[in-house]
Structure formats: C-alpha cells, structure tokens
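Engineer: In full-length UniProt numbering, the protein residues as written are 1 to 293.
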Amino acid sequence: GRGGDGGAPPAATKAAAWSLWPSHGAGGGQDKAPASHPAQALGPLALQAFFRRYPIDDRAYDAFVSQSPDVQVKVFSEFTPKQEGEENYSGLFVSFVKRCREIVSPGAGDLPESEPLGDLALEGFFRKYPVDDSSYEYFAASPQDVQREVLETFRPPAEGEADYSGLFRAFVTRCQRRPSGGPRPSPAGPWPRERAERPDVARRDARAAESPYPREEQAAQEGGIEEDGHPGPGPEADEFFQRYPVDQRAQDFFSQLPPDVQEQVVDQFKPKREGERDYSPLFISFAKRCRTA
C-alpha cells in the first residue's frame, strides 16, 4: 500500500504570509507591491496577524493576492473558521476566497490554475494517510484540480490509522463529482468493474463477512461509488463529522445517501451525549431511519 509509519513532514504552511512578498529589488530595497497586492487595501500588520492566526500554503496565498482589493477586504473581514488553532487552513481558505469572489464579482470565473503537485507533497500526504495501491491509482487518474482539492481538504476524523483506503476513495469520488472538478474518470475507478479482477476484493469480502453492518451498508465500501450513487456531502458534513466522529463504513454509507437525506441527517442528528469518540452505530441507525422516512 501507499504510505506507512514515520509521520508526515510538516505541512508547507506560512505563519506569516508576508514572507511571500518580494523583498529584494534591483537596488536591494523592497519591490513595489503589484496593483492587486493586499497591502494596497489592508495594513501589513493586520495581514501579518491574520496569517499568523490562520496559516495557509503558497497556493492559497497566491489565490488570495490575485483577487481585487474589494475581494481581499471581504475575505480578511469575514473569514472566521469554526475551529481555531489549526496548522493549515488552506483548503477552507481557498473555498472562502472563491465564495467572496463570486459575491463581489459574479461570473468572474474560477481561480487561476496553480503549479502541478510536487512529489514531496504527495509523499508526505500518503505517509500521513496510508492507502492501498488501487486507491492511489484511483486518485492518480483524477484531474489535477481534483487531486489538489483532495490533498488540501481531506481531513479524516481520526489520525494515525493504518489504512484510510475506503474513506479516501469515497472522498476522491466526492471531489470528482463536484461541478468544478473537470472531466471525471469512471465512477467505479480505473480498475476493471468485474469483482474477480479487482485486487482488493478478497480482503474486503473477508472484512465484510465479519462486519456488523447489513449488506446494503457494506455495498458503500466497494471500490468507488456505484453508478446509482449520489454526490458526496459538502463542507457542512465535514464539520459534522469533526463533531460526531464515525468509522469509515459509516461515512461511506452516508456518502451513498441522496443529497436531501444527507442534509436531513446532518441537520437532525442530535445524540444525547456530546464528545464521544465514536458515534458509528447510532449514526447508522439514524441515517437508515431518515432514508426510509
């Protein structure tokens, strides 16, 4: 499989986004900021404090500085993530920049494409979140923008697991199905559709035989999303699972539900006790009730 023990190298975040600003002009002084530079609309000290509080990577910062001053000010004034103290807000930040851009300049189009993914970034990601070869191949067959979105926004409820293949593959499919995801590979993944030819079938069937979940829920674990599957949940669901952690089977089952049922589950799931480590059985039961209602 891909990844393994040893921990991931530190994420390429910036505690101070101003470190990307040009600092050496022809005469040794500081270059003049470009017209779209945030320093034109916002004070540098305020920006320093902002990006110390919400660290982001180079790509996210480039997306920010490429916007008009009005968009930059809106992002700076209104970006208030629910969780403080994270090491990297890049994925959430870029999504927020896009929303602000669309509000301030409707129809302006998507953000410019950034540089291809680096080998070090991929190596660090899969060292932190190990997956099997078929899951990696599924990811590698995805468009560049989908791969980047996966690397920036994949945040499983639990760290340090030995294998994230099921959850990772379901997440890749959700990113593929987003309207901005570009051309989509086959929903079932790049491997042959016949079960006998899929390399991970034997292991999954053995695990399914011991699973407490009914066969209809085990189907959510099969490689990729079936042809009658539904688009995955959005950022609201990601925040939901941060609050109510569930295992991979429960998340994969949830990703198969119709969007209206997903919304109902996220809105109405209110367990009696907060702060539990695993809500999987309770969550599955509630999701099934919502589906059959």
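Using N, Cα and C, we set each Cβ at its ideal position, and we do this for glycine too.
To the nearest angstrom, how far is it from the Cα of residue 363 to the Cα of V71?
Structural biologist: A query on residue 363 cannot be resolved here, the shown segment of the chain reaching from 1 to 293 and no further.
Engineer: Under 7 Å between the Cβ atoms of V97 and V75?
Structural biologist: Here residue 97 corresponds to residue number 97 of the sequence shown, with the count starting at 1. Here residue 75 corresponds to residue number 75 of the sequence shown, with the count starting at 1. Cβ atoms of V97 and V75: closer than 7 Å.
Engineer: Just confirm the distance between the C-beta atoms of L151 and Q248, as a whole number of angstroms; I'd bet it's less than 8 Å.
Structural biologist: Numbered from its first residue, the sequence shown carries residue 151 at position 151. Numbered from its first residue, the sequence shown carries residue 248 at position 248. Actually they are not in contact, since the Cβ atoms of L151 and Q248 sit about 19 Å apart, beyond 8 Å.
Engineer: Among the candidates S77, R127, C175, P258, whose CA atom is the shortest distance from the CA of residue 304?
Structural biologist: Because the chain here runs from 1 to 293, residue 304 falls outside it and cannot be looked at.
Engineer: Under 7 Å Cβ to Cβ from F286, same chain only, skipping five residues before and after it: list those, please.
Structural biologist: Here the question's residue 286 lines up with position 286 in the sequence shown. For F286, where only same-chain residues beyond five positions count, the Cβ hits under 7 Å are V265, F269.
Engineer: Can the beta-carbon of F283 be found closer than 7 Å to that of A250?
Structural biologist: Working through the sequence shown from its first residue, we reach residue 283 at position 283. Working through the sequence shown from its first residue, we reach residue 250 at position 250. Yes, Cβ-Cβ distance for F283 and A250 is below 7 Å.
Engineer: Go to P157, then tell me how far its alpha helix (DSSP H) extends in each direction, as first and last residue.
Structural biologist: Along the sequence shown, read from residue 1 onward, the residue named residue 157 stands at position 157. Segment: none, P157 is in no alpha helix (DSSP H) and carries neither H nor E.
Engineer: Going by CA-CA distance only, name the one from F240, P281, F254, R169 that's closest to K82.
Structural biologist: Numbered from 1 along the sequence shown, position 82 holds the residue referred to as residue 82. It is F240.
Engineer: Helix, strand or coil, according to DSSP, for E87 in the structure here?
Structural biologist: Indexing the sequence shown from 1 puts residue 87 at position 87. Note: E87 maps to coil in three-state DSSP.
Engineer: Find out if the Cβ-Cβ distance for the pair P130, N88 is shorter than 7 Å.
Structural biologist: Taking the first residue of the sequence shown as position 1, residue 130 is located at position 130. Taking the first residue of the sequence shown as position 1, residue 88 is located at position 88. Contact: no.
Engineer: Report the rounded CA-to-CA distance for D133 versus G275, giving the unit in angstroms.
Structural biologist: As a working note, residue 133 is residue 133 in the sequence shown. As a working note, residue 275 is residue 275 in the sequence shown. One C-alpha to the other measures close to 34 Å.
Engineer: Under a three-way DSSP split, which group does residue 382 fall into?
Structural biologist: An answer regarding residue 382 cannot be provided, because it is not within the stretch 1 to 293 covered by the chain.
Engineer: Should A121 and D252 be called a contact, given that it needs their Cβ atoms to be closer than 7 Å?
Structural biologist: Mapped onto the sequence shown, residue 121 falls at position 121. Mapped onto the sequence shown, residue 252 falls at position 252. Not closer than 7 Å, so no.
Engineer: Measure the C-alpha to C-alpha separation of D163 and Y136 and round it to an integer number of angstroms.
Structural biologist: Position 163 of the sequence shown, counted from the start, is the residue given in the question as residue 163. Position 136 of the sequence shown, counted from the start, is the residue given in the question as residue 136. Each residue's Cα considered, the two are about 12 Å apart.
Engineer: My output table needs one value for T80: the three-state DSSP class, helix, strand or coil.
Structural biologist: For this step, residue 80 is matched to residue 80 along the sequence shown. Note: T80 maps to coil in three-state DSSP.
Engineer: Enumerate in chain order the residues of its own chain whose CB-to-CB distance from P212 is below 6 Å, with the five nearest sequence positions on each side excluded.
Structural biologist: The sequence position of residue 212 within the sequence shown is 212, counting from 1. Confidence at P212 is low in this model, with a pLDDT of 45, below 50, so the placement of that residue should be treated as unreliable; the coordinate-derived value is given next. None.
Engineer: Under a three-way DSSP split, which group does Q256 fall into?
Structural biologist: To locate residue 256, count along the sequence shown from 1; it is residue 256. Coil, per DSSP.
Engineer: By how many angstroms is the C-alpha of V146 removed from the C-alpha of R289?
Structural biologist: For this step, residue 289 is matched to residue 289 along the sequence shown. For this step, residue 146 is matched to residue 146 along the sequence shown. Rounded to whole angstroms, R289 to V146 spans 33 Å at the Cα level.
Engineer: Go through its chain and collect everything with a Cβ distance to T153's Cβ below 6 Å, but skip five positions before and after it.
Structural biologist: To locate residue 153, count along the sequence shown from 1; it is residue 153. Cβ within range, chain order: G91.
Engineer: Closest to S165 by CA distance: which of F139, Q256, Q262, A293 is it?
Structural biologist: As a first step, residue 165 must be located in the sequence shown, where it is residue number 165. Closest option to S165, Cα to Cα, is F139.
Engineer: I need the straight-line Cα distance from Q262 to R174, nearest angstrom please.
Structural biologist: As a first step, residue 262 is located in the sequence shown; it is residue number 262 there, counting from the start. As a first step, residue 174 is located in the sequence shown; it is residue number 174 there, counting from the start. Rounded to whole angstroms, Q262 to R174 spans 13 Å at the Cα level.
Engineer: Quick check: the Cα distance between A293 and E159, rounded to an integer number of angstroms?
Structural biologist: Taking the sequence shown and counting its residues from 1, the one referred to as residue 293 is at position 293. Taking the sequence shown and counting its residues from 1, the one referred to as residue 159 is at position 159. Approximately 34 Å, taken between the alpha carbons.
Engineer: Are the CB atoms of P245 and D278 within a distance shorter than 7 Å?
Structural biologist: Here residue 278 is taken as the residue at index 278 of the sequence shown, counted from 1. Here residue 245 is taken as the residue at index 245 of the sequence shown, counted from 1. Closer than 7 Å, so yes.
Engineer: E78: which of Y61, R99, D62 sits nearest, CA to CA?
Structural biologist: Here residue 78 corresponds to residue number 78 of the sequence shown, with the count starting at 1. The residue with the shortest Cα to Cα distance from E78 is R99.
Engineer: Identify which residue in P106, R273, E86 has its Cα closest to the Cα of D57.
Structural biologist: Here residue 57 refers to the residue found at position 57 of the sequence shown. Taking only the C-alpha atoms, the option nearest D57 is E86.
Engineer: Consult DSSP for A287 and reduce its assignment to one of helix, strand or coil.
Structural biologist: Residue 287 sits at position 287 when you count from the first residue of the sequence shown. Here A287 sits in helix by DSSP.
Engineer: Report the rounded CA-to-CA distance for S142 versus R177, giving the unit in angstroms.
Structural biologist: For the purposes of this step, residue 142 is taken as residue 142 along the sequence shown, with counting starting at 1. For the purposes of this step, residue 177 is taken as residue 177 along the sequence shown, with counting starting at 1. If I take the Cα positions, the gap works out to 11 Å.
Engineer: Rank P258, E123, T80 by C-alpha distance to the C-alpha of F50 and give the top, closest one.
Structural biologist: Mapped onto the sequence shown, residue 50 falls at position 50. Ranking the options by Cα distance to F50, first place goes to T80.
Engineer: Do you know how far the Cα of R291 is from the Cα of Q256?
Structural biologist: Stepping through the sequence shown from its first residue, residue 256 is reached at position 256. Stepping through the sequence shown from its first residue, residue 291 is reached at position 291. Those two C-alpha atoms are separated by around 11 Å.
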